[in-house]
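6 is the number of the first residue of the sequence shown in our numbering; add one for each residue after it.
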Amino acid sequence: MGSGSSKRTHPSPDGGQEPAHVIVTTTPTTTIPATRQNNNYGMRNQAQEDPDASLPPVVPPSTTKDQVFNLFKYSSIDYQALKAPKQLLLGSYQDLVDYLTEGATDDIGKVRALFRWVSSIDVTTLNMDSLPPPQVPLDYLNNIHV
Numbered sequence: 006m007g008s009g010s011s012k013r014t015h016p017s018p019d020g021g022q023e024p025a026h027v028i029v030t031t032t033p034t035t036t037i038p039a040t041r042q043n044n045n046y047g048m049r050n051q052a053q054e055d056p057d058a059s060l061p062p063v064v065p066p067s068t069t070k071d072q073v074f075n076l077f078k079y080s081s082i083d084y085q086a087l088k089a090p091k092q093l094l095l096g097s098y099q100d101l102v103d104y105l106t107e108g109a110t111d112d113i114g115k116v117r118a119l120f121r122w123v124s125s126i127d128v129t130t131l132n133m134d135s136l137p138p139p140q141v142p143l144d145y146l147n148n149i150h151v
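As structure tokens, this is what we get:
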């Protein structure tokens, strides 16, 4: 047998040693350098050593929350979203989005309108006699409910 292999024996019924039917091969182990044991291929893992090292310093924002989002500024958008006609549920997504974002003057207003509309629909109380047509907002809401 070659290097790194050993042949085992076990006791025979007459007290002698007979060869075992299983040959166990041992493989020499390779020692991995300490720098490669705990991270990827010898690369230093800075976050593991100091989790805050890769983060930017903490500084207060340059704007206040009221400067970014003023609830009064978006109250008309909220109102429009909450009074959206039910027939828009069976129309196209484009019709719904056009209606909801009609008064929005910025992206925050558009996102706010869509959020307010979606969050105002209680999918557990949608009563339908039959399945809605595919590819309409009501179909999507029905799939959330099911």
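Don't be surprised by glycine CBs; every beta carbon is placed ideally from N, CA and C. What you are looking at is a predicted structure, and each value in this text was computed from that prediction instead of being measured.
- For V63, there is no enclosing alpha helix (DSSP H), as DSSP marks it with neither H nor E.
- Going by beta carbons, L87 and S59 fall outside the 9 Å limit.
- Residue state for I126 is assigned as coil, using DSSP reduced to three classes.
- Every unbroken stretch of the alpha helix (DSSP H) spanning 4 or more residues and falling wholly within the region 86–139 is given here in chain order: 98–105, 112–125.
- The criterion of a C-beta distance shorter than 9 Å is satisfied by L119 and V102.
- DSSP places Y145 inside the alpha helix (DSSP H), whose first and last residues are 142–150.
- In its chain, beyond the 5 residues on either side, D83, A86 have a beta carbon closer than 6 Å to the beta carbon of R121.
- Following the DSSP letters along the chain, one finds K70 inside the alpha helix (DSSP H) bounded by residues 70–73.
- Residue burial is scored here from C-beta neighbours: T106 has at least 16 other C-beta atoms within 10 angstroms and is therefore classed as buried.
- Judged by DSSP in its simplified three-state form, S67 adopts coil rather than helix or strand.
- A89 sits close to Y104, with the two beta carbons spaced by under 9 Å.
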